[in-house]
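Participant: Below is a structure I'd like to ask you about.
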Amino acid sequence: MKQKFIAAAVQMVSGTDVAANLARAAALVAKAAAVGAAFVVLPEYFCLMGRKDGDKVAICEEMGSGPLQTALAAMARDNKVWLAAGTIPLQSPEAGKVFNTTLVFDPDGVVQARYDKIHLFGYTGNGERYCESDSIVAGHEPVKVDIGLAEVACGICYDLRFPELFRKLAPFDVMILPAAFTATTGEAHWEVLMRARAIENQCFVIASGQGGTHENGRKTHGQSMIIDPWGRILAQQASGEGVVLAELDPALLQSVRSGLPALAHRVL
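Position one of the sequence shown corresponds to residue 43 (my numbering), numbered consecutively onward.
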């Protein structure tokens, strides 16, 4: 990390209207920027929590063009922030399926990184069933990006459960995780896994979640948070729409890594 900066995790309760979701995202990014955030992370599926899997396929875009990407570029450019744009559906080689993708925009609104979600969520229990592979094609490449302020490792939601993904990218300063964790799995595992990823990678974690009951009936866990390299929660929001803010300090990062040089002690 090169300097102190304020980071923001945006929490949303996105619905089925893309235009309304984009407007709320833009307002929340502007709110974060107005209080000094230099890096803003939107949640997974921020642009649409559809009624069926095919809804996101219907709005998918080709990389580099489309109304979703145009709107996101404007959010970054208008607010002069680095923006990790949650996830949007991008075209894939398979008919009826999309990539679930995080794009990282610089303050000029230019894409500097693309990460396609690698681990696809599947869960059956408590009357719920989710199978992302029905409509999503998995990515293959881990991604780390230098945003000028810090080196950032990208993950999306279910990736949280696979520490080897982030070990492959280590060392890095900040890990981001846009998410739409279910209420059931989130209550059980969200916080403990997030703090574990921060501790084992000795990094800051910015976790931006969906948090509430959506128009489609789905319930998401929320608890968007920013965690320091010692595993302490610096700021969080339980549920509902909002912006979670914290200052990320390179001196703290260095103190943790020098006092307990676990990354240097890695053998495997």
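In this text, a Cβ means the ideal position worked out from N, Cα and C, and glycines have one as well.
1) Looking at the unbroken beta strand (DSSP E) that takes in D291, where does it start and where does it end?
2) Rounded to whole angstroms, what is the Cα-Cα separation between V185 and Y157?
3) Kindly indicate if chain C contains any beta-carbon less than 8 Å away from that of Q133.
4) Would you identify the three-state DSSP class for I189, choosing helix, strand or coil?
5) What is the DSSP secondary structure of P131, counted as helix, strand or coil?
6) Can you name, in chain order, every residue of its own chain whose Cβ lies under 7 Å from the Cβ of D176, other than the five neighbours on each side?
7) Would DSSP call D150 helix, strand or coil?
8) Give me whichever residues DSSP pairs with V23 in a beta bridge.
9) What's the C-alpha gap between A100 and Q296?
10) Between L125 and A230, what straight-line distance do the alpha-carbon atoms span, to the nearest angstrom?
11) Nearest CA to the CA of Q111: which residue from L132, V234, K98, N121?
12) On a Cα-Cα basis, can you pick out the residue from G108, V152, F141, A65 that is closest to A115?
13) Thinking just about the alpha-carbon of each residue, which of K73, M267, R260 is nearest to the one in A277?
14) Given a threshold of 16 other Cβ atoms within 10 Å of its Cβ, counted over all protein chains shown, does A76 qualify as buried or as exposed?
15) Do L90 and V52 come within 8 Å of each other at the CB atom, strictly closer than that value?
16) Considering only C-alpha positions, which residue in the set G128, L302, Q252, A180 is nearest to P271?
17) If you compare alpha carbons, which of T58, K44, M54 is closest to R66?
18) Exposed or buried, S250, counting other C-beta atoms within 10 Å across all chains shown (16 or more means buried)?
19) Spatial neighbours of G228 within its chain, please: C-beta separation below 6 Å, excluding the five flanking residues on both sides.
20) Quick check on the DSSP output: the alpha helix (DSSP H) that includes V60 runs from which residue to which?
21) Could you compute how far the alpha carbon of G167 sits from the alpha carbon of A225?
22) Using the Cα positions of A79 and E104, report the straight-line distance between them to the nearest angstrom.
23) Does the Cβ-Cβ distance between F163 and C196 come in under 8 Å?
24) Which whole runs of the beta strand (DSSP E) in the region 76-102 are 3 residues long or more, in chain order?
25) Does the beta-carbon of P220 have 16 or more other beta-carbons within 10 angstroms, so that it is buried, or is it exposed?
26) Pull up the distance between the alpha-carbon of R308 and that of E242, whole angstroms please.
Facilitator: The structure says:
1) No beta strand (DSSP E) holds D291; DSSP gives it neither H nor E.
2) Each residue's alpha carbon lies about 6 Å from the other.
3) Given the protein chain composition of this structure (a single chain), no chain C is represented.
4) Three-state DSSP puts I189 in coil, outside helix and strand.
5) Look at P131 here: in three-state DSSP terms it is strand.
6) The answer, listed in chain order, is D95.
7) Per DSSP, reduced to three states, the secondary structure at D150 is coil, with no helix or strand assignment.
8) Because the chain spans 43 through 310 in this model, residue 23 falls outside it and cannot be assessed.
9) Whole-angstrom Cα-Cα distance: 46 Å.
10) Within the model, the alpha-carbon separation for L125 versus A230 is close to 29 Å.
11) Taking only the C-alpha atoms, the option nearest Q111 is L132.
12) It is V152 whose Cα lies nearest to the Cα of A115.
13) A277 has its Cα closest to that of M267, out of K73, M267, R260.
14) Per the 10 Å Cβ criterion, exposed.
15) Not a contact, by the Cβ cut-off of 8 Å.
16) Minimum Cα-Cα distance from P271 among the listed residues G128, L302, Q252, A180 corresponds to L302.
17) Shortest Cα-Cα distance from R66 to any of T58, K44, M54 involves M54.
18) S250 counts as buried, since at least 16 other C-beta atoms from the protein chains shown sit within 10 angstroms of its C-beta.
19) Closer than 6 Å at the Cβ level, and outside the excluded window around G228, lie H263.
20) Start and end: 60-76.
21) Each residue's Cα considered, the two are about 12 Å apart.
22) A straight-line Cα-Cα distance of about 29 Å links A79 and E104.
23) With respect to C196, F163 sits apart: the two C-beta atoms are not nearer than 8 Å.
24) Runs found: 79-83.
25) With 16 or more other Cβ atoms within 10 Å, it is buried.
26) Approximately 11 Å, taken between the alpha carbons.
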